[in-house]
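J.: Sharing a structure, written as structure tokens. Questions coming.
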């Protein structure tokens, strides 16, 4: 039984030395001097704030994209023992000793380093030569812009890593299709494709472009499979389901998991949660939760409530009134009702309290047992401090003359009777008998007499003049089609009124609420709200010194100064390798020109290259050229501030196209030995030029050594580049 011990156990493995060497070189180029500079570099001032909030478990919303990339940066901080205590307020600020700079920059640097062997593997899987694959890896290795972007606490290198991993995984899966379908390795690469795509989208939404490209490629390949008579219907169905599971279902589930972890980590209230609904805020520890904890759930006749507008942007505000009245005449000469002003006030205040009254009864307290208000019920809203009724009538609003003025009614004993009946419509109800619930219900108030809807119009326009204390306008909107969020309100603070006397009621309105009820949102409800906020919340785009247009990127007519040493001339810039970018543009033009030429010739039944070479040419163009197009052209449609780093995913694909074109020219256009030798010599000379450019701009890539003013001027190869030179 122990006979096998007579012979030594031998394990053999094939090691691609070139791949290992490329990986080591990638790590050296990205990790060398990673802690330098020990200061905030460009967008580290932006992402660092989120890392600190993760460390402190404080909720935030970033409208730039999903949370996965932020969590990876925070993971670096967590592994380095970062406590989150640093003020991210200025580019160039020196990091304090508690900030683990190396750890925070490690994951982006590792991602950038691994892009080098990924480029090699992609060309191999596209069935190009080892020499072409090696060239692709070296081009990525010596690309100054990719090095710069991967050495700091930024997301582009992580995004590009997952994009390239998704492409490589799909190519490996596709190459296993013919001979090893449904094998373990086939499943592994298919599943990894979906996981990598989900991670790319989870880092930045622009990862969706490559995901769509791979889905389209997979769809095209499956379309060709349908025409394969050797595959049965059952086999085709299995292939379809496998792709649907791996490329759609699992990525969606993984994307949801990013938000689940994000929300599980950030359970404390913070400054960003004010743009969320009251229900979301109440689910966070501290903040609104401390105020609303224990409130009664069901709104009843006699309830004392504050009404928050659901829209919540550009600021949150509550339905409010005060003793001041509308001026008899406005500045433009129009008249008003001179009734008590009703506004939307962006701060918590005792004048935000209202009492829900039954029109058929005089009492302003909750009966025992409470009588809940349901969808469709008619109510009156009584202002808690002034005891005047919410009212609207056919008088033009102060800033929105096509809408009705909303006021609290004052009886001037003139021919303007009160019109203060409102119908409660619960927009997010499950049935027509739903009870109006605190925080959870989104409600429209429809005026019974005029069918106008109570609306916070000031959220989308100007604030009231001085006579209205610059508060936001509230109107009765006559055109009430649909459910715009400015017409929706939810009860935020709520208590059951007990005092019928006004003085006692005023004391009650000033006191905190303390009753016992729980209002926990489900994960899906929180995810839906947060996802919607990320997609719709847009900060005002301002012109930035280093912003640029998409047209500037191709010829690299722009740069970004990332960091400047406070005393010396040392500085870091986002600048690409000029030789590489020019070669990538030339390769794209050559590819396009040759493809059109071949297509025209093939239309005339003239085949200049073998069929397998044609298929290889088109496949490489679909991945490399298609990857460039889908990651670049959409920026022409985007209304946002753009920077040079937005082009990096696209230029990465374009760089991969260079060795594709070079090998094609060598194999099919250089037909003699002499031409091949001359072509090889030109390639060597070209690559030497590329390496020279990399070395020339390395001081601006790594920030060292510091250059003299004359040396910096010599690096300004284009007049549009902003190289920083200190005055002597």
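Numbering (UniProt numbering), first residue to last: 1 to 728.
Every residue, glycine too, gets a C-beta built ideally from N, C-alpha and C.
Nearest to residue 422 by CA position, among 382, 403, 413, is which residue?
T.: Numbered from its first residue, the chain shown carries residue 422 at position 422. The candidate whose alpha carbon is nearest that of residue 422 is 382.
J.: To the nearest angstrom, how far is it from the Cα of residue 660 to the Cα of residue 132?
T.: Taking the chain shown and counting its residues from 1, the one referred to as residue 660 is at position 660. Taking the chain shown and counting its residues from 1, the one referred to as residue 132 is at position 132. Rounded to whole angstroms, residue 660 to residue 132 spans 7 Å at the Cα level.
J.: Taking the continuous alpha helix (DSSP H) assigned at residue 501, which residues delimit it?
T.: Taking the chain shown and counting its residues from 1, one reaches residue 501 at position 501. From DSSP, residue 501 is part of no alpha helix (DSSP H); its letter is neither H nor E.
J.: Considering only DSSP beta bridges, list what residue 374 is partnered with.
T.: Counted from its first residue, the chain shown places residue 374 at position 374. Answer is 435.
J.: Let me make sure I understand the geometry here. Which of 590, 296, 319 has the alpha-carbon closest to that of residue 487?
T.: Here residue 487 is taken as the residue at index 487 of the chain shown, counted from 1. When only C-alpha atoms are compared, the closest one is 319.
J.: Does DSSP put residue 531 in a helix, in a strand, or in coil?
T.: Translated into the one-based positions of the chain shown, residue 531 becomes position 531. It is helical.
J.: Suppose the cutoff is 8 Å on Cβ atoms and the five residues either side in sequence are ignored; what does the same chain contact list for residue 676 look like?
T.: The residue given as residue 676 occupies position 676 in the chain shown. Excluding sequence neighbours, residue 676 sits near 666, 670.
J.: Sorted by chain position, which residues of the same chain lie with C-beta nearer than 6 Å to residue 519's C-beta, five sequence neighbours on each side aside?
T.: Residue mapping note: residue 519 aligns to position 519 of the chain shown, counting from 1. Because residue 519 sits at a pLDDT of 49, beneath the cut-off of 50, its placement in the model cannot be relied upon, and the point is left open.
J.: Would the segment 43-57 count as touching the segment 68-88 if we require 3 or more Cβ pairs under 8 Å?
T.: Contact between the segment 43-57 and the segment 68-88 is present, because at least three Cβ pairs lie under 8 Å.
J.: On the DSSP bridge list, what partners appear for residue 345?
T.: Your numbering for residue 345 matches position 345 in the chain shown. Beta-bridge pairing links residue 345 to 318.
J.: Give me the Cα-Cα distance between residue 279 and residue 521, rounded to the nearest whole angstrom.
T.: Numbered from its first residue, the chain shown carries residue 279 at position 279. Numbered from its first residue, the chain shown carries residue 521 at position 521. So the alpha carbons of these two residues sit roughly 7 Å apart.
J.: Taking buried to mean at least 16 other C-beta atoms within 10 Å of its own C-beta, is residue 172 buried or exposed?
T.: The residue labelled residue 172 in the question sits at position 172 within the chain shown. Flag for residue 172 reads buried.
J.: Confirm, please, whether the CB-CB distance from residue 562 to residue 41 is below 7 Å.
T.: Counting from 1 along the chain shown, the entry for residue 41 is found at position 41. Counting from 1 along the chain shown, the entry for residue 562 is found at position 562. A contact, by the Cβ cut-off of 7 Å.
J.: According to the Cβ coordinates, are residue 430 and residue 372 closer than 7 Å?
T.: Taking the first residue of the chain shown as 1, we reach residue 430 at position 430. Taking the first residue of the chain shown as 1, we reach residue 372 at position 372. Cβ atoms of residue 430 and residue 372: not closer than 7 Å.
J.: Taking its Cβ as the centre, do 16 or more other Cβ atoms sit within 10 Å of residue 123, making it buried, or is it exposed?
T.: Position 123 of the chain shown, counted from the first residue, corresponds to residue 123. When all chains shown are included, residue 123 counts as buried.
J.: Where does residue 247 sit, in a helix, a strand or coil, going by DSSP?
T.: Position 247 of the chain shown holds residue 247. Reduced to three states, the DSSP call for residue 247 is helix.
J.: The beta strand (DSSP E) spanning residue 560 covers which residue range?
T.: Within the chain shown, numbered from 1, the residue matching residue 560 stands at position 560. Looking at the DSSP string, the run of the beta strand (DSSP E) that includes residue 560 is 560-564.
J.: What does the Cβ neighbour count give for residue 178, buried or exposed, with the cut at 16 atoms within 10 Å?
T.: As a first step, residue 178 is located in the chain shown; it is residue number 178 there, counting from the start. So residue 178 ends up on the exposed side.
J.: Quick one: is residue 516 buried, meaning 16 or more other Cβ sit within 10 Å of its Cβ, or exposed?
T.: Locating residue 516 in the chain shown gives position 516, counting from the first residue. Because the pLDDT of residue 516 is 38, which lies under 50, any placement of that residue in the model is unreliable, and the number read from its coordinates should be weighed accordingly. Its Cβ having fewer than 16 others within 10 Å, residue 516 is exposed.
J.: Just list the alpha helix (DSSP H) runs in the segment 571-642, keeping only unbroken ones of 4 residues or longer that don't cross its boundaries, in chain order.
T.: Complete alpha helix (DSSP H) runs here, min 4: 578-603, 611-620, 626-632.
J.: Any contact between the segment 540-560 and the segment 633-647? By contact I mean 3 or more CB pairs, one from each, below 8 Å.
T.: Yes, the segment 540-560 is in contact with the segment 633-647.
J.: Pop quiz: residue 217 and residue 170 are said to be a contact at Cβ under 8 Å. What is the actual Cβ separation, rounded to whole angstroms?
T.: What you label residue 217 is simply residue 217 of the chain shown in a count that begins at 1. What you label residue 170 is simply residue 170 of the chain shown in a count that begins at 1. Contact holds; Cβ gap of about 7 Å.
J.: Using only CA atoms, which one of 636, 135, 473, 574 lies nearest to residue 549?
T.: Taking the first residue of the chain shown as position 1, residue 549 is located at position 549. Residue 636 is the option with its Cα nearest to residue 549.
J.: For residue 672, which three-state DSSP category applies?
T.: Taking the chain shown and counting its residues from 1, the one referred to as residue 672 is at position 672. Coil at residue 672, not helix or strand.
J.: Secondary structure at residue 261, three-state DSSP: helix, strand or coil?
T.: For this step, residue 261 is matched to residue 261 along the chain shown. Note: residue 261 maps to helix in three-state DSSP.
J.: Kindly indicate the opening and closing residues of the alpha helix (DSSP H) around residue 553.
T.: Mapped onto the chain shown, residue 553 falls at position 553. Element bounds for residue 553: 550-554.
J.: Residue 412: buried (16+ other C-beta within 10 angstroms of its C-beta) or exposed?
T.: Indexing the chain shown from 1 puts residue 412 at position 412. Counting Cβ neighbours within 10 Å, residue 412 comes out exposed, since fewer than 16 surround it.
J.: Where does the unbroken beta strand (DSSP E) through residue 162 begin, and where does it stop?
T.: Against the chain shown, residue 162 aligns to sequence position 162. Premise fails: residue 162 lies in the alpha helix (DSSP H), 156-175, not in any beta strand (DSSP E).
J.: To the nearest angstrom, report how far apart residue 656 and residue 614 are at their CA atoms.
T.: On the chain shown, position 656 is the one that residue 656 refers to. On the chain shown, position 614 is the one that residue 614 refers to. One C-alpha to the other measures close to 18 Å.
J.: Rank 664, 581, 259, 313 by C-alpha distance to the C-alpha of residue 537 and give the top, closest one.
T.: Here residue 537 refers to the residue found at position 537 of the chain shown. Residue 537 has its Cα closest to that of 313, out of 664, 581, 259, 313.
J.: Would you be able to state if there are at least three C-beta pairs under 8 Å between the segment 695-702 and the segment 582-595?
T.: They do not touch, by the three-pair rule.
J.: Under three-state DSSP, which class holds residue 526?
T.: Taking the chain shown and counting its residues from 1, the one referred to as residue 526 is at position 526. The answer is helix: DSSP assigns residue 526 an H, G or I state.
J.: So, helix, strand or coil for residue 445, using DSSP?
T.: In the chain shown, the residue the question calls residue 445 occupies position 445. Looking at residue 445 - three-state DSSP - the assignment turns out to be strand.
J.: For residue 733, which three-state DSSP category applies?
T.: The structure shown does not extend to residue 733, since the chain is modelled only from 1 through 728, so no value can be given for it.
J.: With residue 130 as the anchor, note down where its alpha helix (DSSP H) starts and where it stops.
T.: In the chain shown, counting from the first residue as 1, residue 130 sits at position 130. 130-141 is the extent of the alpha helix (DSSP H) around residue 130.
J.: For my contact list, residue 112 and residue 157 are in at a C-beta cut-off of 8 Å; report their separation, rounded to the angstrom.
T.: As a first step, residue 112 must be located in the chain shown, where it is residue number 112. As a first step, residue 157 must be located in the chain shown, where it is residue number 157. Correct: roughly 4 Å between the Cβ atoms.
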